[in-house]
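Written below as structure tokens is the structure these notes are about.
2 protein chains.
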Amino acid sequence: MLELFNYINAISPIKEKTFVELQNLFKPIKLKKNEFFVDDGSYANEIGFLQKGIVRAFFLNEEGKEYSKQFFVGPSLIGAYTSLLTRQPAKIAQQALTDCELLVADYRALEKLYDTHHDLERLGRKIAEYYFLEKEQKEIEMALLDADKRYLIMRKKFPAIESQIPQYYIASYLGISPTQLSRIRRKLLES
Amino acid sequence: MLELFNYINAISPIKEKTFVELQNLFKPIKLKKNEFFVDDGSYANEIGFLQKGIVRAFFLNEEGKEYSKQFFVGPSLIGAYTSLLTRQPAKIAQQALTDCELLVADYRALEKLYDTHHDLERLGRKIAEYYFLEKEQKEIEMALLDADKRYLIMRKKFPAIESQIPQYYIASYLGISPTQLSRIRRKLLES
DNA sequence: TAAGTTTCTTTACATATGTAAATGAATGAC
DNA sequence: GTCATTCATTTACATATGTAAAGAAACTTA
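As given, the protein sequences belong to chains A and B, one line each in that order.
Oh and the first sequence: position 175 is 345 in this note's numbering, straight run, nothing missing.
Oh and the second sequence: position 5 is 175 in this note's numbering, straight run, nothing missing.
Dropping the structure here:
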């Protein structure tokens, strides 16, 4: 739990008393490689703190095309944030790409604590703001950079990931086909 | 100010007393067409409530390529959100595309009210969450839909905008060239 | 109204990237 | 260790989209 405390505290400091109540909500679980933390179409109820492992969030459209929106490398918060906020079925699934260890909590219980703990509400605000900043960053990258530049950024951001997961997930994260990623990789090796 | 109150209250209800303090922070200003509300490279200090008019947020990269991230059609909150949150110079400028009327407030003063008004902090959280949801929605559209589908969505989302601003802003919003937008428009007319 | 400016469309060509299929390499199961 | 499966690369071809330049249309404004 110490890891969770440190992680949270770095985002927005909370009182020890608040954290005690918070940690009561979390239970440890494990996910095997390829298992899902969030299923497409399900109503999300849980938020997770990924301690070890890699998780991807991905969107599947009607044509069966996948877009790997995001990678999470522990330590990190995970969960179908949009589904939790909107109470609509999740459109974005989350899948373990390696064996994972995490702590999970009921989001509604956590949300209730907001009423009585201003510091926790502030944490919630900071997290939402942080998520927004992350998204905006990626939006700009996608709009203004070529795939080869995005690939280099991705490698810097997730240095450990490349050797641990299949290339086609990375291609999908970059918004390109595996073929194109292969071409980019070759070009980088040549130069 | 009533419009602001209604707008805010629909996101997250706040006490009347809180709103009284809040509204003291806001002053009315006007922007002429093409004037900037936020300049690229400046430190943002103000948040604005756009009452009338259209504003675009756009990013300019080193190669001089523009990406019109977003349109705001009043009533709407505007401001260099990222710069306000990070206290870094704004990378995203905001420019009036029509004559505009707005209310502006000092963001730091508003932020201070968070400490003493839990309901305002909650509003801040809801707004951040809402921004996140919006971004995620656009991310998915950009990743999985063709430009012609995105164009149709854009027209539905901003029905009034198309006749009021140049096409090349819309092209930039869609992430395509004006040439390509023109081709898409022709194809839609033909079918 | 006329001239000048801005914007939109069109054309021709170049390029990035996609799809499908074949091959080769790596990985995992037994 | 062998076989089967999964994954990565390559090739050939198709397509979407970009760039540049020219012409047409739509607006400003004097």
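Virtual Cβ for every residue (Gly too), placed ideally from N, Cα, C.
For SER246 (chain B), I'd like the list of residues in its chain whose CB is within less than 6 Å of its CB, leaving aside the five on either flank, ordered along the chain.
LEU220
Out of curiosity, what's the CA-to-CA distance linking THR252 (chain A) and ALA260 (chain A)?
7 Å
Given GLU216 (chain A), which residues of its chain have a CB within under 7 Å of its CB, disregarding the five upstream and five downstream residues?
GLY249, VAL274, ALA275, ASP276, TYR277
By how many angstroms is the C-alpha of GLN240 (chain B) removed from the C-alpha of PRO336 (chain A)?
34 Å
Mind listing, in chain order, the continuous beta strand (DSSP E) runs of no fewer than 3 residues lying wholly within the segment 224 to 257 of chain B?
224 to 230, 236 to 243, 246 to 248
Check the Cβ of ILE310 (chain A) against every Cβ in chain B and list those closer than 9 Å, keeping chain order.
PHE229, ASN231, TYR237, LYS239, LYS261, ILE262
Can you give me the C-alpha to C-alpha distance between LEU195 (chain A) and ALA279 (chain A), rounded to a whole angstrom?
8 Å
In chain A, what lies closer than 8 Å to LYS305 (chain B) by C-beta?
PHE302, LYS305, GLU306, GLU309
Using only the alpha-carbon positions, how far apart do ALA298 (chain B) and THR256 (chain B) sit?
14 Å
How big is the Cα-Cα spacing for THR349 (chain B) and LEU201 (chain A)?
49 Å
Identify whether PRO348 (chain A) lies in helix, strand or coil by the three-state DSSP scheme.
helix
Among the residues of its own chain, which have a CB less than 6 Å from the CB of LEU254 (chain A), if the five just before and after it don't count?
ALA214, TYR277
With 9 Å as the threshold, decide whether the Cβ of ARG278 (chain B) is near any Cβ in chain A.
no
Where GLY294 (chain A) sits in the DSSP three-state scheme
helix
Find the residues of chain B that neighbour GLU291 (chain A), judging by a C-beta separation of less than 7 Å, and give them in chain order.
HIS288, GLU291, ARG292, ARG295
What's the gap between the Cα of PHE302 (chain A) and the Cα of PHE302 (chain B)?
5 Å
Taking the alpha-carbon positions, what's the THR188 (chain A) to HIS288 (chain A) distance?
10 Å
Beta carbon of PRO198 (chain A), beta carbon of GLU271 (chain A): below 9 Å?
yes
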